[in-house]
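Visitor: Under this note's numbering, the first residue of the sequence shown is numbered 10, with each subsequent residue one higher.
No residue lacks a Cβ here, since even glycine has one placed at the ideal position from N, Cα and C.
One structure, as structure tokens, below. Some questions next.
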Amino acid sequence: MKKYDYILAGGGCAGLSLVYHLLDSSLKNSQILILEPTLGEVPNKTWCYWNTAALPIHPEAARFSWNSFYLQQGKQQHQHGLEKLSYYHLNSHDFYAHVLEKIKNFPNVHFLKAEVSAIRCIENEVYVETNTSETYSSSYVFDSRNFVSNENQNILNQVFIGLRIKSQTAVFDPNSMGLMDFDTASSSDFDFIYTLPFSSQEALIEYTAYTSETRGEEALLSSLKDFLQQKYGELAYEITFQESGQIPMTTRVQPQTSGPRHVRIGTAAGWTKPSTGYTFAQIQENCNQLVTRLEKGATQDLRFPRKSRFIFYDNILLSIAHHWPKRLPEVFINLFSTSSPDLVFRFLSEKTTFWEELKLLSRLKFGIFLKGLTRYGTY
Ligand SMILES: Cc1cc2nc3c(=O)[nH]c(=O)nc-3n(C[C@H](O)[C@H](O)[C@H](O)COP(=O)(O)OP(=O)(O)OC[C@H]3O[C@@H](n4cnc5c(N)ncnc54)[C@H](O)[C@@H]3O)c2cc1C
């Protein structure tokens, strides 16, 4: 049986990010095995995050960013500027190419196209079995296999479909991205449009819904096309890329592991912000810290529990999303128009102090939050 220092069960965003951070550390010569069933066939995805500077893992040639954004309801457009932060866009293919280019220089990193079927911890060793009945052992296993919700749990998902379009005429303002446009098809969920304009003629436009129902891709695509027609009229455009996805929005993630050396990472570990679905920047921060802890001999816990007050805020927002989804547009408009957008984004990244949160929350119209409290629970 082959033995490694670290095995990655899943080589998606979190798995490859962790390897990237390991290769930048004193552990770079460790024997590393990545087990991933879809190696090389990963569908293209768009990852965005906000930060004061582009993250080191974000390849320079693939950087795009905005310093202003808008929320729109009806004819009213709420424009906001960012001060210290920028909103960055990264394409997953560029990310994979960048990480794989780095890995090429390290013969100690091994890839295997395989599906992990079981992970067992026995004393200080972790055993990983694949669907081809191979077994590998390792000192640590980092497991990002997809999060699966318990069927009895009625959780919300963020479902979306996006089209990158090239139009024949100049219709977009590349200086300002559309964080949320609420002029969507009628539905019983919280729906909005997300627009990333790359030039006056090119943009990625996504139809997004927070929902606990199944919303088929065809239905979302049709709602997106209706929006394009309503907003831009008879626009002639070519579709250059399409993406779709589903992100769990829940505070109920309880990472299952078979022992302390079997460590969950990524969405499966609860690193996705339950009220927004953003995960990418958190993955980078946690992977960086994880490597520092491993360098120190991993005497510390390798998990990253969230602060209870942020879980509380998320549960209130999710309570509103479950019971009064039509009130969410006013919540987001109110949030961004009463505090500086930099502060709001820091709050959504869980980087604010308690006093900053009190200041930010005290400015909000809190009727709907009191309603949310009446149905408070773990969502
Ligand atoms: C289309 C899309 C767009 C997103 N956009 C953003 C964004 O703009 N900003 C943001 O912050 N977040 C975004 N997210 C959320 C989040 O950043 C991504 O989902 C991210 O990919 C999560 O990383 P992960 O490693 O946890 O999961 P994944 O990247 O999905 O990786 C999990 C890996 O595990 C593999 N796997 C599954 N089963 C097995 C098995 N049995 N054995 C071995 N491997 C297995 C899978 O093939 C996969 O490669 C987006 C999500 C999606 C789906």
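1. Taking all protein chains shown into account, decide if residue 116 is buried (16 or more other Cβ within 10 angstroms of its Cβ) or exposed.
2. Quick one, are the C-beta atoms of residue 77 and residue 91 less than 9 Å apart?
3. Along the chain, where does the beta strand (DSSP E) containing residue 72 start, and where does it finish?
4. Looking at the secondary structure, which residues open and close the beta strand (DSSP E) in which residue 78 lies?
5. Contact between the region 97 to 108 and the region 228 to 244: three or more CB pairs below 8 Å?
6. So who's on the other strand from residue 189, going by DSSP bridges?
7. For residue 253, which of 34, 27, 52 and 38 has the nearest alpha-carbon?
8. Could you say which of 276, 193, 283 and 368 lies nearest to residue 358 if we only look at CA atoms?
9. Since residue 373 and residue 343 should fall inside the 8 Å C-beta cutoff, what is the C-beta to C-beta distance between them, to a whole number of angstroms?
10. Is the closest heavy atom of ligand 1 to the C-beta of residue 44 under 8 Å?
11. How many angstroms separate the CA atom of residue 335 from the CA atom of residue 197?
12. I need the boundaries of the beta strand (DSSP E) containing residue 90, first residue and last residue.
13. Count the C-beta pairs between the region 240 to 259 and the region 274 to 282 that are closer than 8 Å, then say yes if the count reaches three, no if not.
14. Leaving out five residues on either side along the sequence, give the residues of the same chain with a beta carbon under 6 Å from the beta carbon of residue 148.
15. Between the region 260 to 267 and the region 35 to 47, do at least 3 Cβ pairs fall closer than 8 Å?
16. Rounded C-beta distance between residue 139 and residue 123? I'm assuming under 8 Å.
17. Using a beta-carbon distance below 9 Å, is residue 42 in contact with chain D?
18. Identify whether residue 157 lies in helix, strand or coil by the three-state DSSP scheme.
19. Give the straight-line distance between the Cα atoms of residue 58 and residue 95, rounded to the nearest whole angstrom.
20. DSSP state of residue 164, grouped into three classes?
Guide: This is what the structure gives:
1. It counts as exposed.
2. For residue 77 and residue 91, yes; Cβs fall inside 9 Å.
3. First-last for residue 72: undefined, no H or E at that position.
4. Unbroken beta strand (DSSP E) run through residue 78: 77 to 82.
5. By the criterion of at least three beta-carbon pairs nearer than 8 Å, the region 97 to 108 is not in contact with the region 228 to 244.
6. Bridge partners of residue 189: 80.
7. Checking every option, the nearest Cα to that of residue 253 belongs to 52.
8. Nearest of 276, 193, 283 and 368 to residue 358, Cα basis: 283.
9. Contact holds; Cβ gap of about 6 Å.
10. Checking the Cβ of residue 44 against ligand 1 gives yes.
11. When rounded, the distance between both Cα atoms is 8 Å.
12. Its beta strand (DSSP E) spans residues 85 to 90.
13. When Cβ pairs closer than 8 Å are counted between the two stretches, the region 240 to 259 is seen to touch the region 274 to 282, the count reaching three or more.
14. When the five nearest sequence neighbours on each side are left out, the beta carbons in the same chain lying within less than 6 Å of the beta carbon of residue 148 are those of 14, in order along the chain.
15. Contact between the region 260 to 267 and the region 35 to 47 is absent, because fewer than three Cβ pairs lie under 8 Å.
16. Indeed they touch by this definition, with Cβ atoms about 4 Å apart.
17. Here there is only one protein chain, and chain D is not present.
18. Of the three classes helix, strand and coil, the one that applies to residue 157 here is coil, per DSSP.
19. If you take the alpha carbons of residue 58 and residue 95, they lie about 8 Å apart.
20. Note: residue 164 maps to coil in three-state DSSP.
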